[in-house]
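Visitor:
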Amino acid sequence: MLPLSLLNTAQGHPMLVELKSGETYNGHLVNCDNFMNLTLREVIQTSPEGDRFWRLPECYIRGSTIKYLRIPDEIVDMVKEDNRKNGGGRGGRGGRGQGRWGNRGGNRGGRGGKQ
Numbered sequence: 001m002l003p004l005s006l007l008n009t010a011q012g013h014p015m016l017v018e019l020k021s022g023e024t025y026n027g028h029l030v031n032c033d034n035f036m037n038l039t040l041r042e043v044i045q046t047s048p049e050g051d052r053f054w055r056l057p058e059c060y061i062r063g064s065t066i067k068y069l070r071i072p073d074e075i076v077d078m079v080k081e082d083n084r085k086n087g088g089g090r091g092g093r094g095g096r097g098q099g100r101w102g103n104r105g106g107n108r109g110g111r112g113g114k115q
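The sequence shown: position 69 = 69 (UniProt numbering), numbered continuously.
Structure follows, in structure tokens:
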């Protein structure tokens, strides 16, 4: 399960975001991008000490400042079910590509000497 597919599925659902600074944001996920920047609506922001609260109609959170996200279990279950239906994620045969000369290192190497 990839984090961005989980976030895309979570759009419109409530979530908790904790920043590296200790602030927390509770709100409904509106949007996320490939850098994991988030837009939340109907947000309650909590200070790092947990003693002050602010209500915000909408906020934008830069992905690089996020420590962790808490998403409802049913969202995780939905993504797992989608992966099962679609054949399990990334697809393909797995492993790495073999490049230009297969897996042998091209025309170099071997037992020494020049080939």
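In this text, a Cβ means the ideal position worked out from N, Cα and C, and glycines have one as well.
Can you find the residues in the same chain that come closer than 8 angstroms, C-beta to C-beta, to I75, ignoring five residues on each side of it along the sequence?
Guide: Correct list, in chain order: L6, T9, A10 and H13.
Visitor: Thinking C-beta only, is M15 closer than 8 angstroms to L29?
Guide: Yes, Cβ-Cβ distance for L29 and M15 is below 8 angstroms.
Visitor: Closer than 6 angstroms by C-beta to W54: which residues in its own chain qualify, once you throw out the five before and the five after it? Chain order, please.
Guide: If we look at W54 and ignore the five residues flanking it on each side, its Cβ neighbours are Q45.
Visitor: At the level of alpha carbons, what is the spacing between L69 and N34?
Guide: Taking the straight line from one Cα to the other gives about 16 angstroms.
Visitor: Which residues bound the beta strand (DSSP E) around T9?
Guide: No beta strand (DSSP E) holds T9; the alpha helix (DSSP H) holding it covers P3 to T9.
Visitor: At what residue ranges does the UniProt domain "Sm" (2–75) contain a whole run of the beta strand (DSSP E), taking only runs of 3 or more?
Guide: DSSP runs (the beta strand (DSSP E)) wholly in the UniProt domain "Sm" (2–75): 14–19, 24–32, 38–46, 53–61 and 66–70.
Visitor: Just the Cα atoms here: how many angstroms apart are C32 and K80?
Guide: Approximately 20 angstroms, taken between the alpha carbons.
Visitor: What number of angstroms, rounded off, separates the C-alpha of G87 from the C-alpha of D73?
Guide: Taking the straight line from one Cα to the other gives about 21 angstroms.
Visitor: Can you grab the Cα-Cα spacing for the pair S64 / K20, in whole Å?
Guide: Cα to Cα, the separation comes out at about 9 angstroms.
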